[in-house]
Structures are given as C-alpha cells and as structure tokens.
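When the letters of the sequence shown are read in order and numbered with our numbering, they come out as residues 1 to 455. Just so it is clear, CB atoms sit at the ideal spot from N, CA and C, and this is done for glycine as well.
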Amino acid sequence: MTPSGSRHAPRQQAGSGHGRDRGPRRSPRPEENPAAGETAAGAEAPAASRAPAAARGRERAVLVAVVTGKAARMAVESHLDELAQLVDTAGGVAVARMVQERKSPDPATFIGKGKVAELAQLAAEHGAKLVVFDDDLSSSQARHLDEALPADVKVIDRAGVILDIFALRARTREAQIQVELAQLNYQMSRLTRRWAHLSRQAGGIGTRGVGETQLESDRRVIRRRLGLLGERLDEVEREREVQRKRRALLPAVALVGYTNAGKSTLFEKLTGAETLVEDRLFATLDPRTRRAEVGDGLAVAVADTVGFIRKLPHHLVASFRATLAEAALAQVVVHLVDGSHPDWPDQLAVGEEVLESLGIDPKGCIVALNKIDRLDGGLPPAPVGREVVAISALTGQGLDALRAAIAAAVLAQPGLEVLRFSADGGEALQRALRDEIVVARRYSEAGIELVVRRR
Numbered sequence: 001m002t003p004s005g006s007r008h009a010p011r012q013q014a015g016s017g018h019g020r021d022r023g024p025r026r027s028p029r030p031e032e033n034p035a036a037g038e039t040a041a042g043a044e045a046p047a048a049s050r051a052p053a054a055a056r057g058r059e060r061a062v063l064v065a066v067v068t069g070k071a072a073r074m075a076v077e078s079h080l081d082e083l084a085q086l087v088d089t090a091g092g093v094a095v096a097r098m099v100q101e102r103k104s105p106d107p108a109t110f111i112g113k114g115k116v117a118e119l120a121q122l123a124a125e126h127g128a129k130l131v132v133f134d135d136d137l138s139s140s141q142a143r144h145l146d147e148a149l150p151a152d153v154k155v156i157d158r159a160g161v162i163l164d165i166f167a168l169r170a171r172t173r174e175a176q177i178q179v180e181l182a183q184l185n186y187q188m189s190r191l192t193r194r195w196a197h198l199s200r201q202a203g204g205i206g207t208r209g210v211g212e213t214q215l216e217s218d219r220r221v222i223r224r225r226l227g228l229l230g231e232r233l234d235e236v237e238r239e240r241e242v243q244r245k246r247r248a249l250l251p252a253v254a255l256v257g258y259t260n261a262g263k264s265t266l267f268e269k270l271t272g273a274e275t276l277v278e279d280r281l282f283a284t285l286d287p288r289t290r291r292a293e294v295g296d297g298l299a300v301a302v303a304d305t306v307g308f309i310r311k312l313p314h315h316l317v318a319s320f321r322a323t324l325a326e327a328a329l330a331q332v333v334v335h336l337v338d339g340s341h342p343d344w345p346d347q348l349a350v351g352e353e354v355l356e357s358l359g360i361d362p363k364g365c366i367v368a369l370n371k372i373d374r375l376d377g378g379l380p381p382a383p384v385g386r387e388v389v390a391i392s393a394l395t396g397q398g399l400d401a402l403r404a405a406i407a408a409a410v411l412a413q414p415g416l417e418v419l420r421f422s423a424d425g426g427e428a429l430q431r432a433l434r435d436e437i438v439v440a441r442r443y444s445e446a447g448i449e450l451v452v453r454r455r
C-alpha cells in the first residue's frame, strides 16, 4: 500500500495483497490473543513473531485513533475496524492499534510527543512500516510525525488510504482523472521540503521518491496539472451530458449507498449486467448505467455510483462531482444500506449527509435495507420518515417489492401523463408514439395505455 502523502517509499506488493486472499478483517485485540500486552494508551503489543501468517509479506500497519470527550470508545473501535478493512483493501494488514483518550487532538502531533515515542516502539515491536491515523492530519501534524518517527516508517491518514484504494480501482479515463485530481489536492496541502521534485514525476499518481524540493516550483507544477485535469474533467462531463440526453427516453434511477452495501449485486440483479462483485471496500469505482425493467411495462436507466464511507474527504467528493452527478440528476434515488451491519444507522446517516451536500433530499429516497438473508432476529426498526424496502440482492428476496417501489416513484414524478387508446390504436396511437417520450406502455383488454413525458 502506498500512501498519497507524508514520506514516500516504493510500493510493497509482495504476497496476495490485492487478490481475494485477504488478511484479517481487523487487527488483533488483547482479549483475542492472551499473549498480547497493552500499553497505557490502549495499544496492543504482541511480539511481531506471533503475528498471523496472513500478515507476512504484506505491508504491516499500526492504526491510531483519539477518543475525545464526545466520542464513545466503542464507536472508535468500530471506526478502526473499518479502517483495518480499508488497509486490507489497499494491500496491507493492520497488526496493532493505538487508541488514546484526550480532550482534543494535539495540534502538533495529534497524539502528543510522549505517545509518538510509544507509537514508534509499538511499530518496531510489530515490524510495521506504516502508521495510519483514522482522522485527517493537518500538514503540520503530518510533518511533525514524519520527523519524529523512524525514517522507514510512513505516516498517512484515512483519506490517504482511501485515495490509494481509488487509484488502484480506477479503470476508466473519467475515474483516473478524478482520482488524480483528488490526490493532487491532497498532496498540495502536505508539501514539505522532504518531498521529491514533482517536475520529475510522471503523471503524479503513484509516483514515489525522497529528496529536497523547491516548494513554490512544486506548487506551480501541481496547480498547472490541476488546471489541465480540470479541463479534461469538463470534457468528460460534456460527454456524459450527451450520454444522459441519449438516455433521456428512460427515467433515471441511481443506486447510492455505503461502500460494500451490495450495490454491484443489486445493479446486476436489476439490469442483468455482469459486474465485478467482490467483498471489498470500493470494489467498484467506475460508474455504469444499464436499462432495467421494473414492472408494469416500465423501463428505467439504472446508474451505479461510487460508494460512500465515513469521514469521506471533501476534496474527494468534489473531484468525483461528475460521477455523483448521476445521483443528483436522477428522478429516483435508491439508498442501499447493509441491514446486517451493526452500524447500519450510522452508515445511513453518512450517506444522507453526502446526499444533502449534492442537493438531494434524503427523505425523498427509497431506502433499501439489504442483506436481510443474514439477519437471525428479524428486521431492525425502520428509520423515522423513510420509505424502507427490505431486500436481499444476493437471494432476490424482496426485489419485486423494490421494483414496485421504484415504478411507483417514477410514475409519481411531475410531467408524466397517461394516454389511453383503443385496442387497435389507430392514427392517434402512432402520432403519440412519434411525438411523445414514452416512459411505459401497457396492454389490457380495454386497450393500450402510454405513460408519456411531454417533449
């Protein structure tokens, strides 16, 4: 895993870091390993030689979080479990974690000078060359940590891990442009004199080096590259707008939700398209749109979008505006939630915050509570004021109800009109088919009904 900030070193890709054979879902805890000790800061410190076999050959990381007065310890542990999954997805493995309780993060090093020394010792005991903070680090905090820790230990934050995953997952030209925009914005705030000279780097994504740099020169290089990428992204957005106009004959339905909530599986079931379905965070990054039948003679264009995640960097949301526009411009938004996850209400809230930032009213979305096949004790209570449909995208349970909810939401949109014709249709039917945008066509003994949107 190669971070997008702080000290840079060559990517370590030994073993099966990016394949399906993944390491532990979270780092070991003292109660699960009797041989593990614990520091005063809450850090586990088992001997590196007793690390799980899956950790060997992969980039080893220590996770760090701060519990402030307003944060519950259980919530922080859940956040670190998710961070461990992110590290795993990026090709590393979390081998230990440090949780410190304090009133507020230290402005210089986030955890305080004394704890930095403990962190260095913990990393050494576990053979970890990577330290990952669960919260965003300021440029000065990253610099102070970079200088205080051993030279072979890299320091990044959650945003840096997410950016690294996005760089790994980007396949289309649009996604690659958006990832590079986000990475450059991330790097811009973290330039120090220890960075490599950017004018010698090709492309700016995934490049590594160590050395002195001229800060102003490097900032000009980044600004110039940002301008060029912005122009290219504008071109992509114009191309996407042309594609939207071609699809305007079909109502648009966007699938949104927390990463790994099952959007790709649902997209596949609704549209019949073969997509990458993988039990990893951000397994799908590039947007896709396909036609789907949702019943009662109604066809829609279903768009998949990039997943949400807790503490999603604002600059990343801005960089992915072209992709997220699919949700903002859709007539119907289906907000998918993993109902089997213990933190699903929190994940729903995270998604709704992102939707609100895009100008989408969360109360107008259909909430699809997914993975109910994993529930043993019945369905969890539905959030107040939300239309909820319980489904299993994997088994197909509840999908007919979801299709019906989508169809009802589409037909409730303003600007639609129902035209009725006799069974033979005649000239009036042909004229309507020629002049109107037909959203749905229904046949019955009484005749033919067209649901149309006026041009």
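Distance between beta carbons of residue j and residue i, contact taken as under 8 Å
i    : j    : result
G458 : K263 : The displayed coordinates of the chain run from 1 to 455. Any statement about residue 458 would go beyond what the structure contains.
I406 : V300 : 7 Å
H126 : V93  : Not quite, the Cβ-Cβ distance comes to about 10 Å (not below 8 Å), so this is no contact.
V116 : A148 : 5 Å
R420 : E449 : 5 Å
L312 : V354 : 7 Å
L181 : L228 : That pair is no contact at about 10 Å.
Identity of the residue in the options nearest residue i by Cα
i    : options                   : result
G359 : D373, G272, N370 and A325 : A325
R442 : D376, K269, V389 and V294 : V294
V132 : R288, G227 and V161       : V161
M188 : I165, A261, E356 and D218 : D218
D134 : K103, E180, I309 and F267 : I309
D346 : V179, S78, L181 and F267  : S78
G377 : K103, G364, S340 and G385 : S340
E445 : D424, V438, R431 and D343 : D424
L137 : V62, R190 and E231        : R190
D343 : V87, V62 and Y258         : Y258
R97  : K103, D81 and L86         : D81
G385 : K363, L229, L226 and L83  : K363
V452 : P414, A404 and A170       : P414
V62  : E101, D106, S104 and D157 : D157
A170 : T305, G272 and S422       : T305
A75  : Y186, L233, D88 and V99   : V99
A409 : V439, E101, P381 and A428 : V439
G69  : R102, A84, Q85 and L83    : R102
T395 : L379, N370, A404 and G57  : N370
Sub-8 Å separation of residue i and residue j beta-carbons
i    : j    : result
R73  : V64  : no
A368 : L411 : no
A128 : R60  : yes
I372 : Q397 : yes
A90  : L184 : no
A328 : A252 : no
V302 : L270 : yes
D338 : N260 : yes
V155 : D164 : no
V153 : A254 : no
A393 : T265 : yes
P383 : L433 : no
L250 : R291 : yes
V317 : S357 : yes
Three-state class that DSSP yields for residue i in the structure shown
i    : result
D88  : helix
D296 : coil
V153 : coil
A48  : Any reading at A48 must be qualified, since the residue scores a pLDDT of 40, below 50, and its modelled position is unreliable; no value is offered.
S392 : coil
S78  : helix
V350 : helix
S217 : helix
S117 : Per the sequence shown, residue 117 should be read as Ala rather than Ser. Correct three-state label for A117: helix.
G209 : For G209, the pLDDT reaches just 39, beneath the cut-off of 50, and the residue's location in the model is therefore unreliable, although a value from the coordinates is still provided. The answer is coil: DSSP assigns G209 none of H, G, I, E or B.
E449 : strand
T259 : coil
I366 : strand
S357 : helix
E101 : strand
V317 : helix
S444 : strand
T305 : coil
I111 : coil
L130 : strand
L63  : strand
L324 : helix
Should the stretch 231-241 be called in touch with the stretch 171-179, which here means at least 3 C-beta pairs below 8 Å? yes
Using 8 Å as the Cβ pair cut-off and three pairs as the minimum, do the stretch 138-154 and the stretch 100-111 touch? yes
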